[in-house]
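*Asks:*
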Amino acid sequence: MRTDDGVSPVIGVILMVAITVVLATIVAGFALGLEERKMDTAPNAEFEFDYDSGSLEITHANGDEVREDRVTIKGHSNGPKTPDWTGDTDTDDYFSAGATYTATGVGSDDTVKVVWEGPNGDSTTLGTWEQ
63 MRTDDGVSPV IGVILMVAIT VVLATIVAGF ALGLEERKMD TAPNAEFEFD
113 YDSGSLEITH ANGDEVREDR VTIKGHSNGP KTPDWTGDTD TDDYFSAGAT
163 YTATGVGSDD TVKVVWEGPN GDSTTLGTWE Q
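Numbering (this note's numbering), first residue to last: 63 to 193.
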């Protein structure tokens, strides 16, 4: 007489382990993919502008932290320029609300833009100043 009682539990355990590994891989890939996409999206930030005789003070008024190396100031005679923000800047190359930059050589008829440039070549205008 032959018994196959031990075969079904072993196959069941192997299938459960395989399903667990597949699900863990899917969840990990999805979670890591979302994090990567989050870093590639433009920040939600607002900027305020204060113009005075050729100088334009640009202030990060509120919103997300912004990576300094992704921001360019465009539209004035000394630009485009990657600014060196002062004020609320972190040591990890991000700046947040309260940080300021003063652009010089700005004419009263210039249009100055704070532009975020993504790692894939896309860009988003975060703020615009026009007299």
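Just so it is clear, CB atoms sit at the ideal spot from N, CA and C, and this is done for glycine as well.
Out of S158, S170, A86, V83, which one is the CA nearest neighbour of S139?
*Replies:* Checked all of S158, S170, A86, V83; the closest Cα to S139 is S170.
*Asks:* Between P142 and the rest of its own chain, which residues show a CB-CB distance below 6 Å, the 5 nearest in sequence each way excluded?
*Replies:* Result list for P142: T134, K136, in chain order.
*Asks:* Comparing alpha-carbon positions, which option in G180, D112, E179 lies nearest E192?
*Replies:* If we check each option's Cα against that of E192, D112 comes out closest.
*Asks:* Between R132, D172, A161, T162, which lies nearest to N182 when the distance is taken from Cα to Cα?
*Replies:* Answer by Cα proximity: R132.
*Asks:* Buried or exposed: which applies to L85, given that a residue is buried once 16 or more other Cβ atoms fall within 10 Å of its Cβ?
*Replies:* Its Cβ having fewer than 16 others within 10 Å, L85 is exposed.
*Asks:* With the cut-off set at 8 Å, would you say A159 and I120 are in Cβ contact?
*Replies:* Going by C-beta atoms, A159 is not nearer than 8 Å to I120.
*Asks:* Might you give, ordered along the chain, the residues of its own chain that have their beta carbon closer than 6 Å to the beta carbon of T144, omitting 5 neighbours on each side?
*Replies:* Around T144: T134.
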